Amino acid sequence: REWPDGRPIRQRLLVVANRLPVSAVRRGEDSWSLEISAGGLVSALLGVKEFEARWIGWAGVNVPDEVGQKALTKALAEKRCIPVFLDEEIVHQYYNGYCNNILWPLFHYLGLPQEDRLATTRSFQSQFAAYKKANQMFADVVNKHYEEGDVVWCHDYHLMFLPKCLKEYNSEMKVGWFLHTPFPSSEIHRTLPSRSELLRAVLAADLVGFHTYDYARHFVSACTRILGLEGTPEGVEDQGRLTRVAAFPIGIDSERFIRALEVPEVQEHIKELKERFSGRKVMLGVDRLDMIKGIPQKILAFEKFLEENPDWRDKVVLLQIAVPTRTDVPEYQKLTSQVHEIVGRINGRFGTLTAVPIHHLDRSLDFQALCALYAVTDIALVTSLRDGMNLVSYEFVACQDSKKGVLILSEFAGAAQSLGAGAILVNPWNITEVAAAIGQALNMLAEERKKRHRHNFEHVTTHTAQQWAEFFVSELNDTVIEAQQRIRK
Ligand code: G6P
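Converting from the sequence shown to the UniProt record's numbering requires adding 72 to each position, the first position being numbered 1.
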């Protein structure tokens, strides 16, 4: 496709995700400010540039009135974002309930909530109904903005029903779906009451993508074992129709981080941090305050390290940035208190009148402050119990080209498959092993740190978010062309 003057028209991409890259904060009846949203999905999508992209999603607030909705729609349009308005009840049942209390823990191997296994099937059913309803609301907005030839790219566990809703509107729509979390073993997925309906809805897409080959394989076996369909090397086949399934490991916009380190304010910040922590090795954790991130286990491993290595007690500090998330879900509230309790206990135990071993922040940092922190860190601790990919590990590596610090990385994060050779891999459930890894990292010789860093840096700078998106979209275009050819034959 070209403009009349011969310039190619870039393909339009409708990116649909529950969370828009910006979240809205109301400042007045018709005035809004927009802030960058947290999380791996957003940090990757912000790195996707070379497309004519429109973002469709929820702005993270309830806007019951028409004046507010109009003003927000206008403010978002400047960022090429299109809002889906969800009322409080839907957010409660769909987002807090089905998405974050059921699918999220299940996909991260934490199981279904106990009560849903027994008595409260009614609440499960009403949450699932709300989930389907919300997905239909997203589909309505997509359909309204869709133009022939657009590629519609649906994201994550919130929108597993969306491919089906979209194809019901228009079977010619090119629809891809990508999961940002792990897809668990089929044995785990089997426990979900709505297991079959969800799988069938996803299979309506033309292309289904995952971060790793293992997640893709789990999805295909769920379809073969639960639905009795045929799995092929290309994907899943149902009565002659193929849904292509493949792995597309995500990345970040590494240049954005590398460039930020040159900015004078960031340089200044780096200088301040170096002075502030001089004489101490800096260990860093940056996570959403989520049970999958293994924050309590990480802090307990640090305690064990301090217990066993008295000489290090005043020479090392752990900075844990814990970004509040999903604060209306009770499990997340419990986790916050648990983490505070452990941090308080350890600081009481090993702190002095002038210094504490753990600095714990319950908030996010702005981009420049975060880059400065990554740059001065000696050891990053990414010890998720499960994690789709984990892009904090990528961001850390991107900011470490002068320091060449060590990455301690959970073997249960998708990133272990790409950064495994450069990182120290650990089982985050094994506190003794993580404590030993901290010792190994602190004592690692410069030559080895350099070698490990080079491996990771090379990967992070050559596997970017932009390439990930290009790879997915071109595969989606090819898949649709091949399917049309198959039908013609
Ligand atoms: C993960 C999910 C994303 C989500 C993000 C932040 O990265 O895969 O879909 O946006 O967490 O969570 P939230 O619930 O705040 O959107």
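Note that CB positions come from ideal geometry on N, CA and C, so glycine has one too. Because the structure is a prediction, the values reported are computed rather than measured.
Residues that DSSP places opposite histidine 227 in a beta bridge: Histidine 227 is bridged to Phe250.
DSSP-derived helix/strand/coil call for proline 368: Here proline 368 carries a helix assignment [DSSP, helix/strand/coil].
Outcome for tyrosine 241 when other beta-carbon atoms lying within 10 angstroms are tallied against a minimum of 16: By the 10 Å Cβ count, tyrosine 241 comes out exposed.
Same chain, Cβ closer than 7 Å to threonine 145, neighbours up to 5 away in sequence not counted: Pro155.
Bridge-paired residues (DSSP) for leucine 117: The partner list for leucine 117 (beta bridge, DSSP) is empty, contrary to what the question assumes.
Top-ranked residue by Cα proximity to arginine 398, from Asp102, Ser103, Gly111 and Leu86: The residue among Asp102, Ser103, Gly111 and Leu86 with its C-alpha nearest the C-alpha of arginine 398 is Gly111.
Three-way DSSP call (helix, strand, coil) for glutamate 161 in this model: Residue state, collapsed to three classes: helix.
Length of the line joining the Cα atoms of leucine 118 and proline 382: Leucine 118 and proline 382 have their C-alpha atoms spaced approximately 43 Å apart.
Span of the alpha helix (DSSP H), counted from its first residue to its last, around glutamate 530: First-last of the alpha helix (DSSP H) with glutamate 530: 518-534.
Contact test: valine 94 Cβ vs the ligand G6P heavy atom, cutoff 7 Å: Not under cutoff, so the answer is no.
Alanine 485 beta carbon near the ligand G6P (any heavy atom closer than 7 Å): No, the Cβ of alanine 485 stays beyond 7 Å of every heavy atom of the ligand G6P.
For histidine 432: DSSP bridge partner residues: DSSP lists Gln392 as partners of histidine 432.
Own chain partners of leucine 238 with C-beta closer than 8 Å, once the 5 adjacent residues on each side are dropped: Around leucine 238, the same chain offers Ala211, Val214, Asn215, Val224, Cys226, Met245, Val247 and Ala276 as residues with beta carbons nearer than 8 Å, after the five sequence neighbours per side are excluded.
Heavy atom of the ligand G6P within 7 Å of glycine 112 beta-carbon: Correct: glycine 112 has its Cβ closer than 7 Å to the ligand G6P.
Cutoff 6 Å; reference valine 552; Cβ partners in own chain excluding five residues on either side: Once the five neighbours on either side are set aside, the close Cβ partners of valine 552 are Lys246 and Asp278.
Own chain, CB closer than 6 Å to arginine 84, minus 5 neighbours either side, in chain order: Apart from sequence neighbours up to five positions away, the residues of its chain that approach arginine 84 with a beta-carbon distance below 6 Å are Glu124 and Asp222, ordered along the chain.
First through last residue of the beta strand (DSSP E) which encompasses cysteine 153: Counting along the chain, the unbroken beta strand (DSSP E) around cysteine 153 starts and ends at 153-155.
Beta-carbon contacts of arginine 189 that lie in its chain and below 6 Å, excluding the five residues immediately before and after: Confidence at arginine 189 is low in this model, with a pLDDT of 49, below 50, so its placement is unreliable and the value that follows should be read with caution. The beta carbon of arginine 189 is closer than 6 Å to none in its chain, skipping five residues each way along the sequence.
Delimiting residues of the alpha helix (DSSP H) encompassing isoleucine 510: For isoleucine 510, the enclosing alpha helix (DSSP H) begins and ends at 503-514.
Any non-hydrogen atom of the ligand G6P closer than 7 Å to threonine 284 Cβ: False, no ligand heavy atom lies under 7 Å from that Cβ.
Any non-hydrogen atom of the ligand G6P closer than 7 Å to asparagine 172 Cβ: In terms of side-chain proximity, the C-beta atom of asparagine 172 is found nearer than 7 Å to a non-hydrogen atom of the ligand G6P.
Where arginine 417 falls: helix, strand or coil (DSSP): The answer is helix: DSSP assigns arginine 417 an H, G or I state.
As assigned by DSSP and simplified to three states, the class of valine 292: Helix.
Cβ pair count under 8 Å reaching 3, the segment 421-433 against the segment 310-318: The count of Cβ pairs closer than 8 Å, one atom from the segment 421-433 and one from the segment 310-318, stays below three, leaving the stretches out of contact.
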